[in-house]
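Numbering (my numbering), first residue to last: 737 to 796. The structure appears below as structure tokens.
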């Protein structure tokens, strides 16, 4: 079963939700320590790698 391509609207919504998550995390975190930075980086990888792969395959 092939995977469906992510549309531009879906990609924008995913990115906006991720930026909202990062904003909430930074805004309400008492201190910005290693675990906060690690959480942002790990979630960024989880969000951006599939979007990048989808865009790369869409160009072909």
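Where is the CB? At the ideal position from N, CA and C, for every residue including glycine. Just so we're clear, the structure is a prediction, and the values are computed from it rather than from any experiment.
Run of the alpha helix (DSSP H) containing residue i, from where it starts to where it stops
i: residue 758; result: 744-764
Same chain only: Cβ atoms within 6 Å of residue i, ignoring 5 sequence neighbours per side
i: residue 763; result: none
i: residue 791; result: none
i: residue 754; result: 783
Cut-off 7 Å between Cβ atoms - residues of its own chain near residue i, not counting five sequence neighbours on either side
i: residue 750; result: 783, 787
Proximity below 8 Å, CB of residue i to CB of residue j
i: residue 761; j: residue 772; result: yes
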